[in-house]
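Quick notes on the structure that follows.
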Amino acid sequence: MAGLLRIFSLYMTGLIQFGLENIASAAAWIPLHPPTASSIAQNVDLLYYFLTALTLFFTALIFGIIFFFMVKFRRRSPDEIPADTKTHLSLELTWTIIPTLITFVIFVWASVLYVRNSRPPESSMEMFVVGKQWMWHIQHPEGVREINEMHVPVGVPVKLTMTSEDVIHDFYIPAFRVKKDVMPGRYSSIWFQPTETGTFHLFCAQYCGTDHSEMIGWVYVMSPTDYAAWLAGGTKNESMAQMGGRLFSQLGCAACHTSDSSGRGPSLAGIYGTTQKMRDGNSKTVDEALIRQAIVNPNSITLPNYPPIMPTFQGQVNEEQVLQLIAYVKSLEPEERTTSSK
Amino acid sequence: MADMATHNAHHAQHDAFQHQFEDMEQQRDAGTFGMWVFLAQEIMFFGGIFAAYIVYRALFHDSFEIGSNLLNVKFGAANTVVLIASSLTMALAIHAAQAGKKGKTQVMYLLLTVLLGVIFLAVKFTFEWTADYHEHLIPGFGFIIRPEWGAAGSHVPMFFSFYFFMTGLHALHMIVGIPIILIIAVMAWRNKFDEVYHAPLEMVGLYWHFVDIVWIFLFPLLYLVGGRYLSNGGH
Amino acid sequence: MSAHLVPVKTYVGVFLVLMVLTGLTTGVAFIDLHAWNTPVALAIAVVKMVLVVLFFMHVKYSPSLTKMVIVAGFFFLALLVAFTLADELTRIWSPQVHGWSILLPILQGRF
Amino acid sequence: MSTTVIAEIPGHELPSEERVNYLTVDHSVKSWLLTHDHKRIALLYLISITLMFFVGGFFAVLMRLNLIEPTGLVAPETYNKLFSMHGIIMVFFFLVPSIPATLGNFLVPMMIGARDLAFPRINLLSWYIYIVGAAFTMYAVISGGVDTGWTFYTPYSSTFSHSQVIPAAVGVFVTGFSSILTGLNFIVTIHKMRAPGLTWFRLPLFIWAMYATSVIFILGTPVIAITLFLLGLERLLHIGIFDPAIGGDPILFQHMFWFYSHPAVYIMILPGMGVMSELITAFSRKRIFGYTFVAFSSLAIAVISFLVWGHHMFVTGQSVYAGLIFSVLSFMVAIPSAIKVFNWTATLYKGSISYEAPMLYALGFIGLFTMGGLTGLFLASLATDVHLNGTYFIVAHFHYIMVGGAVMAYLGGLHFWWPKITGRLYPDGWARFAALVIFVGFNLTFFPQFVLGYLGMPRRYAVYPGEFQVLNVMSSAGASILGVGYIIPLVYFIWSFKYGPIAGPNPWGAKGLEWTTPSPPPTENFEEVPIVTEQAYNYAGTSESAHG
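Put into structure tokens, the structure is as follows:
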């Protein structure tokens, strides 16, 4: 036993010595706070500080009371039997009601913050993210495509439309305090408004396989002028809508979906955002999910006077091309459409 | 100490008595209560798959209706009658033991219950499942999505995977139940059960009635989804 | 369960009622009740279950503890179904974040 | 076990006559492997659970070694298997059965004055099912490991993972039935086999906690059994229940998984709370403060725990409404835990507190469990959960509850009832030292992870950005201290089997029916069934009518 004790004490003194030497500089390189770089970060941090203060207060309170009782009421003699204390119902009720009130306050504060943060402002810039096993594809509407990197102008709210091609990933930027699971076959969206220029971490926060820890990247927040320069300097390919248009004709969609709705399929000009009545009576708004469903599983959409003859494009187009087709459909102007015959 | 004496007198009262109990009455109470707690756990076990089925039926309503219409209602209803009958014969077996009738009547009812159970399984496996196999309706084993299902065709295999999971799990419970009833029948044949001690018979009865109740819910949820009046009306 | 002896007549009576209910639920299924078919079928199934539980399983004569166990089992099952549906049906898989109005089309469309 | 007479230790009387106890009644292997005695089954569980604890702990040490370097030491696939196996073994094979199957099996019959559990044979069957489940999981470990995390999320686990998912899922599926049978045994025993005079409000609070845990065993475990059953079928037959490519819905898997797994974390902590009530009262020699509140808060936790599982899925695209429902209910489940902590602290008031090892574990539990519980509020509130979900904050939170809470209580309970189980005393000096080492090592391991979580370091990362290294090295240093801290009790417990001083029937002077039997107790626990006339922990001998 003594040998073990000696080894252990050597180990402990070494550790303490190491600590003492570096205690001065320790505070410098122990990161304690993530950057607050988005409009909502400040509010989330306030709630976080409140909760931290609450936790430290109650932990200190409980530890303090226990140490005080341990010293004051320590056992004086081996067979000492303390007098019995009455149970105070009033005391019990106080420490039932007070925690309930505190938790209710936290609930309201957190929920108001959450509901307000969950709604992107109308004027936000649209960007598309596709998570694929162990990399992030990010597409700007202007057509620039990036892998594991995202350039955004400071101060402009950005709304991301995200999907995954295989398993569940999770788009997480700690500096902006935003995170949302990215589900295969479905769209989910987050928004943020960067308030500081700089480079910030981008992580995948939902375990997605072997290189889950490699699926990280950087978010570059630039001043508007730098961003415009970067965008212009970027690879000169067309915007997503133009790429979508090229795909639209390549895949033969234009044959049926003619703009003057003379073809076998409905004209798609200006259809985005409208509500269409289905054969069984209930109506659906035409949004990204419905357009994607039309491309991938067309005969699950029963339009009243169009026979379900559209072939499925599942497997022929990957998620990015679907997003490009959606961007193209959204870019079609309503006035090109003749009055719809619905 | 007086009650100690009477208390120990209880002991030598029945050979099936277990030492950790005070008396036979407590042993039977504990046994039946234990069986009911086991059945509460079975409710949650089947409940999990029923919950998944309910969620998917809410999400993919039409494809589940199409799937349900492809099932054969006649066999389903016949099986329900057979299983409820086996529940009756099991109840009569317990009644025979409680009323002190000889082992032979108990065995007769128990064998009747087993016979009806076997008929149920026979109808299910030889008629329904093999027919579904020939019509390519078993997901994972050559399921063919038929064009006339139209829009909701893509989720019909989901309905059938639920159909085979739930009826398969129920059939598995019967396949486990039937040998146990046979063992109890052998014990009954040796006149082990009388008015005082018939706990094993009662517990098997509770288990069998539970299996019957699961089928009582399975039949409408699977076979009668949204009614049979649809165009093809099934076969 | 207790020494209470249920007469054979009751068993056979309950059996006949169950037969009638099975016939009823199968028959009703062939009548078009629009959205009411499923609730009716489930109601009949619940009635049949209650009959089997009370008479065949002697719960009518057993202590309230047994009844509590059964009710607890179904209560927690109802929790699982209710909360899972509460989440599954209110999910909107398109990036549009709607106001309070998203519940209306969902409920109409689904049931 | 030869009982060597140790004369020179004063104050421990020689065993008056050579009584036959449950350990010495029969030494054959058959008598152990086919035993019906709940005490022997408790020891069988104790051995298998300690084995699984050190297997899981071994994986934890490897994980912490890997995280010393930002670039990691082992290959990413290996690290993924390490954290998955650490999670599966620790959750399903150590934490869920630890207190109920060992201390619970041993003490439930003794505390209520029964000779044995209601169904001894089912109790033995429960241990064998546990061993079969452990065998399947060990096969999964040896034949390549599973890399889906202990949560088995689809579609990764059903279609994309190429590791031993099926054996691991079957192992967990089988072990679930072991805990169901234990829960069934406890519920029936507590309801039907209490000693005369032992009403519900005279029961020790350990029994209340065991009862609440058994309710969760019975109502929660089957749902994960059916979920893993469906996952296995989907992985084998490629039919789309949870796989989105074939029309399924991975969110439904998460719902059915967390419906059990959140109550499971209360399965892990509730028995710990039961042990706590026993330790605090025994070492301050006072009645528990607010008996009915503490008893009913156990049941309240058991019921409300089934309503809150949605807080694990706040960021999966859940609608705002479902989020609000689950958030408010998650706050409600924190209240009973707070009541318990306040009542334990109030019990110390005006007590006569002594600081043997079990009491050190108990006081450590209160502090760490308060810390763990309050950090749960961060995760129940929607706004902060968006930032903290999936980061090391979550890892720190549940380790504070499970390692700081459940394992501390398990060790405290093991030390407290060790004299009753083995008839031997352990060396108290070493035990107090081990308790302090574990307390220090634990805090150094997991407190830095709270900061890591706030910084945004995600969970389950084999490699991580450089700026997180300092905190990770601190955490790894703490883990080595914690590892040493756990080895010390193993050593002196085994040592005490042979050389520990003989313990009398009641070495701590504690109240409770289990202390009225000789230690180690005879096979049938009590010569004749005890009659209970007073309420629990009645050290001061006041009559029941004196106070509420």
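Protein chains in written order, with the numbering used here: chain A, 1 to 342; chain B, 1 to 235; chain C, 1 to 111; chain D, 1 to 548. For every residue, glycine included, the Cβ atom is placed at its ideal position computed from N, Cα and C.
Classify residue i as helix, strand or coil using the three-state DSSP reduction.
i      : result
R19/D  : coil
T285/A : strand
F160/D : helix
K342/A : The predicted model places K342/A with a pLDDT of 32, which falls under 50 and marks its position as unreliable, so this point remains unresolved.
T197/A : coil
M125/A : strand
W36/C  : helix
F192/A : strand
K330/A : helix
P518/D : coil
M359/D : helix
G131/A : strand
S87/B  : helix
P244/D : helix
N8/B   : In this prediction, N8/B scores a pLDDT of 44, lower than 50, which makes its location untrustworthy; the coordinate-derived value is nonetheless stated afterwards. Correct three-state label for N8/B: helix.
P167/D : helix
T35/D  : coil
K511/D : coil
L323/A : helix
Quick one: Cα of residue i to Cα of residue j, how far?
i      : j      : result
T533/D : Q27/B  : 25 Å
S496/D : F75/C  : 48 Å
V8/C   : A99/B  : 10 Å
I172/D : I62/A  : The amino acid at residue 172/D is misidentified as Ile; the sequence shows Val. V172/D and I62/A: Cα-Cα distance of roughly 38 Å.
G270/A : V123/B : 57 Å
T113/B : V341/D : 55 Å
F57/A  : P505/D : 42 Å
M457/D : F450/D : 10 Å
H235/B : Y156/D : Here H235/B scores only 38 on pLDDT, less than 50, and its place in the model is too uncertain to base an answer on.
Y109/B : I251/D : 47 Å
Q18/B  : S178/D : 23 Å
T316/D : N79/B  : 42 Å
S124/A : C204/A : 23 Å
I41/D  : S48/D  : 11 Å
S143/D : A135/D : 12 Å
T302/A : L251/A : 22 Å
G185/A : E165/A : 7 Å
Just to confirm the assignment, what range does the alpha helix (DSSP H) spanning residue i have?
i      : result
S63/B  : 61-69
V108/A : 89-117
H169/A : Per DSSP, H169/A belongs to no alpha helix (DSSP H); it is in the beta strand (DSSP E), 169-173.
K420/D : 408-422
K67/C  : 64-88
V52/C  : Counting along the chain, V52/C falls outside any alpha helix (DSSP H), and DSSP gives it neither H nor E.
Between which two residues does the beta strand (DSSP E) harbouring residue i extend?
i      : result
C253/A : Where C253/A is concerned, there is no enclosing beta strand (DSSP E), although the alpha helix (DSSP H) it sits in stretches over 253-256.
Y220/A : 217-222
M19/C  : M19/C -> not in any beta strand (DSSP E); alpha helix (DSSP H) instead, spanning 8-29.
P153/A : 149-153
L198/D : Unbroken run through L198/D: none, as it is neither H nor E.
W136/A : 135-139
M162/A : 158-164
Assuming the contact rule is C-beta atoms closer than 8 Å, residue i and residue j should be a hit. Round their C-beta distance to whole Å, please.
i      : j      : result
S68/B  : F159/B : 7 Å
G143/A : E238/A : 5 Å
S284/D : T370/D : Contact flag wrong, Cβ pair sits at about 18 Å.
Whole runs of the alpha helix (DSSP H) within the stretch 100-144 of chain B, excluding any shorter than 4 residues:
103-122, 130-134
At which residue ranges does the stretch 319-356 of chain D contain complete alpha helix (DSSP H) runs of 4 or more residues, listed in the order of the chain?
320-348
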